[in-house]
Every structure is written in C-alpha cells, then in structure tokens.
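Residue numbers for the sequence shown, in the working numbering: 3 to 181.
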Amino acid sequence: MGTQGGSEAAAAESFYPSDEDREKWMANAFDMARDALENGEVPVGCLMVYNDEVVGKGRNEVNETKNATRHAEMVALDQLLDWCRHSNLDVRSVCEQTALYVTVEPCIMCAAALRLLNIPVVVYGCRNERFGGCGSVLEVSSANLPQTGTTFKCVSGHRAEEAVEMLKTFYKQENPNGD
Numbered sequence: 003m004g005t006q007g008g009s010e011a012a013a014a015e016s017f018y019p020s021d022e023d024r025e026k027w028m029a030n031a032f033d034m035a036r037d038a039l040e041n042g043e044v045p046v047g048c049l050m051v052y053n054d055e056v057v058g059k060g061r062n063e064v065n066e067t068k069n070a071t072r073h074a075e076m077v078a079l080d081q082l083l084d085w086c087r088h089s090n091l092d093v094r095s096v097c098e099q100t101a102l103y104v105t106v107e108p109c110i111m112c113a114a115a116l117r118l119l120n121i122p123v124v125v126y127g128c129r130n131e132r133f134g135g136c137g138s139v140l141e142v143s144s145a146n147l148p149q150t151g152t153t154f155k156c157v158s159g160h161r162a163e164e165a166v167e168m169l170k171t172f173y174k175q176e177n178p179n180g181d
C-alpha cells in the first residue's frame with residue numbers, strides 16, 4: 003500500500019500548475035465570482051482545467067436555485083462529469099490530471115468531493131475561516147482518511163485580498179435568502 007501512496011504523491015507532485023497558468027485561470031475564476039456577486043450569490047467562482055482546457059466552471063448558485071449544495075465547485079464538477087460522458091473519457095483518468103482554480107478555499111463538502119474524485123491540486127484565493135476543508139477548519143485535503151479518495155495539494159493565497167473584498171461586498175448588502 004505504501005508504494006501506491008508514494009506513486010500517487012509523485013503523480014500529484016509532477017502535476018503542478020505554473021505561475022502563468024495560475025494567473026490565467028484564476029483571472030477567469032474571479033470573473034465567475036464577479037458574476038455570482040452581480041447575481042446575488044456569495045462571490046465564489048471556479049474552473050476545472052484538464053490539458054489546458056476548461057472542462058468545468060461554476061459560480062455559486064445557492065440562492066438562485068434554493069439548493070445549499072450548489073457551490074461553485076459542485077457546479078463545475080457536474081460539468082466535468084458531463085464533459086467526460088460526452089467525450090467518452092474515463093472520469094478518474096481525467097480528474098487525476100485536472101486542476102481546480104477557485105477564489106475561496108473549498109468548504110468541507112466540496113473538499114470531500116474533490117478528494118473522492120482524485121483531483122490532485124487546488125489553487126485558491128482566500129481562506130474560508132468558517133467552513134474551509136483545506137486547513138482553515140478541517141484538513142480534508144491532506145488528512146489520512148482511508149477509502150475516501152486521494153489527498154490533494156493546496157496552493158493558497160492567490161489574489162486573496164481581492165477575494166476577501168468581494169466577500170465583504172456581498173455580506174454588506176442585503177441577502178434576501180439569508181434569514
């Protein structure tokens with residue numbers, strides 16, 4: 003079992019986005035977050051990138067759909083799964099070579115989903131001090147949790163101040179769905 007874990011760790015280490023990739027894809031994630039904010043949602047946006055192609059993108063849709071699970075990452079994961087089906091590609095193989103770029107640290111639910119699908123790396127902006135699954139609250143991304151997918155690498159702090167300012171803007175306004 004140690005060998006398998008070692009090879010998974012080596013694969014994740016070799017799959018690491020460049021500074022240029024992080025800059026490019028995070029800019030797109032922030033565009034998604036701005037769209038969420040303009041539509042009365044918590045401003046979180048994300049992209050899932052496989053072989054330099056966006057195969058899933060999302061922004062929060064919780065208020066719009068009245069469904070608490072429609073976080074940006076879950077929307078993007080659904081698109082990735084649809085893309086794999088339509089492209090006739092193996093989901094696990096695609097996920098193992100897919101990076102997630104998101105403006106805010108994934109919550110515990112989203113981090114668990116990313117782990118189950120074997121996403122190797124998550125690049126995010128600011129920490130999620132209330133619900134973060136990449137170390138702020140729980141270490142879902144790196145904890146020893148048998149039979150729950152593979153751990154993933156987190157690259158934090160990319161444009162964190164901008165992400166925090168967007169969150170502050172949202173929480174200063176009235177949220178008609180937040181009673």
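Think of the CB as a built atom: it goes at the ideal place given N, C-alpha and C, for glycine as much as any other residue.
In this structure, how does DSSP classify residue i when only helix, strand and coil are distinguished?
i	result
L91	coil
T153	coil
A74	helix
E98	coil
Q175	coil
If distances are taken between C-alpha atoms only, which option among the options comes closest to residue i?
i	options	result
R61	M28, K155 and Y52	M28
V51	V96, S158 and C156	V96
C86	N65, V56, M111 and K68	V56
R94	T152, L140 and E63	T152
K174	P45, D33 and D37	P45
P148	T171, A162 and L118	L118
N53	Q81, P19 and K68	P19
Measure the beta-carbon distance from residue i to residue j and round it to whole angstroms, keeping in mind my assumption that it falls under 8 Å.
i	j	result
A31	Y103	5 Å
F154	S138	15 Å between Cβ atoms; not a contact.
E107	R129	5 Å
G134	C109	7 Å
V123	A145	About 17 Å separates the two Cβ atoms, so there is no contact after all.
C48	A74	4 Å
V224	V125	One cannot answer for residue 224 here, as it falls past the ends of the chain, which runs 3 to 181.
N41	E25	Contact flag wrong, Cβ pair sits at about 25 Å.
Quick check: does the Cβ of residue i come within less than 6 Å of any heavy atom belonging to the ligand NAD?
i	result
E163	The ligand NAD is not part of this structure, which contains no ligands at all.
| field | Every unbroken beta strand (DSSP E) inside the stretch 14-72 [3 residues or more] | value | 47-52 and 55-61
| task | Tell me the start and end of each unbroken alpha helix (DSSP H) in the stretch 100-161 that is at least 4 residues and wholly inside, in chain order. | result | 110-118
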